[in-house]
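Asks: In the numbering used here, the protein residues as written are 2 to 383. Note that beta-carbon positions come from the ideal geometry of N, C-alpha and C, so glycine has one too. Sharing a structure here in structure tokens format.
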Amino acid sequence: MTESFDILVAGGSIAGLAFASEAAARGASVLVAEEHEEIGEPEKCDGLVSMRGLIRYGYPPDPEVVQNKISSAVIHSPSGRHFAVNASALDVVVLDRSAFDKQAAARAASNGAVVRTGCRVGRPVRKGSAVEAAVGDVEVKAKLYVDATGPASSPRQGILPAAKYEIEGNWIKEHVVEVFLDAAKYPGFFAWVIPYGKNRAKVGAAGHGVSPFKALDSFLDGKDYSVIRKVSAPIYVGGPAPSFTVGGHVLVGESAGQVKPTTAGGIMTSIAGAVAAAKWACESVRKGDYSLLGRYQREWESAFLKEMKTMLRLRSAFENMSNSDLDSVFSAVATPKLVMKLSQTDFDFHASALLGALGVTGLLRVAKVVASAELRSLLMEG
Ligand SMILES: Cc1cc2nc3c(=O)[nH]c(=O)nc-3n(C[C@H](O)[C@H](O)[C@H](O)COP(=O)(O)OP(=O)(O)OC[C@H]3O[C@@H](n4cnc5c(N)ncnc54)[C@H](O)[C@@H]3O)c2cc1C
2 MTESFDILVA GGSIAGLAFA SEAAARGASV LVAEEHEEIG EPEKCDGLVS
52 MRGLIRYGYP PDPEVVQNKI SSAVIHSPSG RHFAVNASAL DVVVLDRSAF
102 DKQAAARAAS NGAVVRTGCR VGRPVRKGSA VEAAVGDVEV KAKLYVDATG
152 PASSPRQGIL PAAKYEIEGN WIKEHVVEVF LDAAKYPGFF AWVIPYGKNR
202 AKVGAAGHGV SPFKALDSFL DGKDYSVIRK VSAPIYVGGP APSFTVGGHV
252 LVGESAGQVK PTTAGGIMTS IAGAVAAAKW ACESVRKGDY SLLGRYQREW
302 ESAFLKEMKT MLRLRSAFEN MSNSDLDSVF SAVATPKLVM KLSQTDFDFH
352 ASALLGALGV TGLLRVAKVV ASAELRSLLM EG
């Protein structure tokens, strides 16, 4: 049996569901297929996101999906220095990510999309102007194929192994996100604590070439805690894909690399991608003119490319820093003035905000304290 739709979406997580929802609202017939039996499960993501970003793209979470509101972020240096940024004005929340995806699935279905779970989508094959793929046991024919399968299809470079536990412990600060930098333990990334309720947190560790579970166990060593659940999931920090359409197929969300290279946060940027992609995909299908798909990428890039490039530049500098560089940078820049400026910025554009807050004087101060000349020029680039 063959079923026909205007658009077939592979992957029923936030990007695929937001795409399906928007495309169905625009009148397209859409099937979104998720390989797991339950939307949102197994839950990998920590759900740290700015409410402002979600509202900007029309995806405010239902109140019961919000687990916590963050009041400050504390960044720790390798030698134990730290600085705290007041985040109360940044409107950062922690979502129950599984519940958020279920909310998106309900919205897609109420807009008319068909949401199917427990169905793996096979490799799509182009046949003339149509595309065909196996969706579970059924053959599906569509005018357009959308790949929202996440890290499986992200460009390989830029994937870091990560481990995450949900834990209970009485040392967890209820509204404070903590980030621990250490170039030896978490090369190219960090360990994190994201509280999601009283005495509860999502904690994680990631880094190039590390065993993330060992890194996380050693981070937690000496702390009193009990594990609620453990997850292993790669994070992506490689920046946007060069093209959001490949072989006539559309990539959205993490498949398209729509993820912040600094923090691996991708909820808001993936929703933004899905919303823009749905608009231009529907126009393309309606007019039979698939050259219009290029406008999706232009629209997403006009909002995010500058920031993503700045994030990649900061990442590159960060990856080149030793622990002593990191400590020196902390002493050079963690001034009350900088911390105050950071508390008044936009969480989703934190790289530009950081460079703006540092200014030329601050950057010169940073460049002075790092050891390598290559790193100094990276910092002063642009
Ligand atoms: C440990 C961890 C913590 C994170 N924390 C945060 C955070 O705090 N804040 C934030 O903004 N972002 C965070 N992220 C990133 C965020 O989860 C992703 O950027 C976001 O989920 C991307 O959404 P997506 O829909 O593109 O891909 P995914 O969420 O990866 O979803 C892809 C979906 O496709 C399905 N799939 C794959 N192949 C097929 C197939 N062939 N057929 C059918 N279905 C298929 C998968 O089962 C999955 O459901 C985190 C990621 C990880 C791993």
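1) Is Val260 a contact residue of ligand 1, with contact defined as CB to any heavy atom under 7 Å?
2) Can you determine whether any heavy atom of ligand 1 sits closer than 7 Å to the C-beta of Asp47, and answer yes or no?
3) Just to confirm the assignment, what range does the beta strand (DSSP E) spanning Gly113 have?
4) Taking all protein chains shown into account, decide if Ser219 is buried (16 or more other Cβ within 10 angstroms of its Cβ) or exposed.
5) Can you tell me the Cβ-Cβ gap for Ala163 and Pro196, rounded? I've got them flagged as a contact below 8 Å.
6) Would the C-beta of Ser256 count as close to ligand 1, meaning under 7 Å from any of its heavy atoms?
7) Within a Cβ cutoff of 6 Å, which residues of the same chain sit near Gln387, ignoring the five residues on either side of it in sequence?
8) Using only the heavy atoms of ligand 1, determine whether one of them is closer than 7 Å to the beta carbon of Met52.
9) Just to confirm, is the Cβ distance from Val95 to Val177 under 8 Å?
10) Can you check which of these residues, Gly210, Ala85, Glu255, is closest to Ile15 by C-alpha distance?
11) Within 8 Å, do at least three Cβ pairs link the segment 272-286 to the segment 22-29?
12) Answer yes or no: the CB of Ser271 versus the heavy atoms of ligand 1, is any distance below 7 Å?
13) Is the beta carbon of Gly13 closer than 8 Å to that of Thr118?
14) Could you check the C-alpha separation between Ala24 and Asn87 for me, to the nearest Å?
15) Along the alpha helix (DSSP H) that carries Trp193, what are the first and last residues, could you check?
16) Going by DSSP, which residues form a beta bridge with Phe6?
17) Does Asp328 come out as helix, strand or coil in the three-state DSSP assignment?
18) Confirm, please, whether the CB-CB distance from Val228 to Ile168 is below 8 Å.
19) Under the three-state reduction of DSSP, which class applies to Glu35: helix, strand or coil?
20) Helix, strand or coil for Glu167 per DSSP?
Replies: To lay it out plainly:
1) Counted from its first residue, the sequence shown places residue 260 at position 259. Checking the Cβ of Val260 against ligand 1 gives yes.
2) Along the sequence shown, one-based indexing puts residue 47 at 46. True, at least one ligand heavy atom lies under 7 Å from that Cβ.
3) The sequence position of residue 113 within the sequence shown is 112, counting from 1. No beta strand (DSSP E) holds Gly113; DSSP gives it neither H nor E.
4) Position 218 of the sequence shown, counted from the start, is the residue given in the question as residue 219. Burial call: exposed.
5) In the sequence shown, the residue the question calls residue 163 occupies position 162. In the sequence shown, the residue the question calls residue 196 occupies position 195. Going by Cβ atoms, the distance from Ala163 to Pro196 rounds to 18 Å, so no, they are not a contact pair.
6) For the purposes of this step, residue 256 is taken as the residue at position 255 of the sequence shown. Ser256: yes, Cβ under 7 Å from ligand 1.
7) As displayed, the chain neither begins before 2 nor continues past 383, which places residue 387 out of reach and without an answer.
8) As a working note, residue 52 is residue 51 in the sequence shown. Outside the cutoff, so no.
9) Counted from its first residue, the sequence shown places residue 95 at position 94. Counted from its first residue, the sequence shown places residue 177 at position 176. Result no, Cβ atoms of Val95 and Val177 do not sit closer than 8 Å.
10) Working through the sequence shown from its first residue, we reach residue 15 at position 14. It is Glu255.
11) yes
12) As a first step, residue 271 must be located in the sequence shown, where it is residue number 270. Result yes, Cβ under 7 Å from ligand 1.
13) As a first step, residue 118 must be located in the sequence shown, where it is residue number 117. As a first step, residue 13 must be located in the sequence shown, where it is residue number 12. Yes; because the gap between Cβ atoms is below 8 Å, this pair is in contact.
14) Reading the sequence shown from its first residue, position 23 is the one you call residue 24. Reading the sequence shown from its first residue, position 86 is the one you call residue 87. Each residue's alpha carbon lies about 38 Å from the other.
15) Numbered from 1 along the sequence shown, position 192 holds the residue referred to as residue 193. Not the alpha helix (DSSP H): Trp193 falls in the beta strand (DSSP E), residues 192-198.
16) Taking the first residue of the sequence shown as 1, we reach residue 6 at position 5. Paired residues: Ala143.
17) Here residue 328 is taken as the residue at index 327 of the sequence shown, counted from 1. Of the three classes helix, strand and coil, the one that applies to Asp328 here is helix, per DSSP.
18) Working through the sequence shown from its first residue, we reach residue 168 at position 167. Working through the sequence shown from its first residue, we reach residue 228 at position 227. Yes, Cβ-Cβ distance for Ile168 and Val228 is below 8 Å.
19) As a first step, residue 35 is located in the sequence shown; it is residue number 34 there, counting from the start. Glu35 falls in the strand class under three-state DSSP.
20) For this step, residue 167 is matched to residue 166 along the sequence shown. It is a strand residue.
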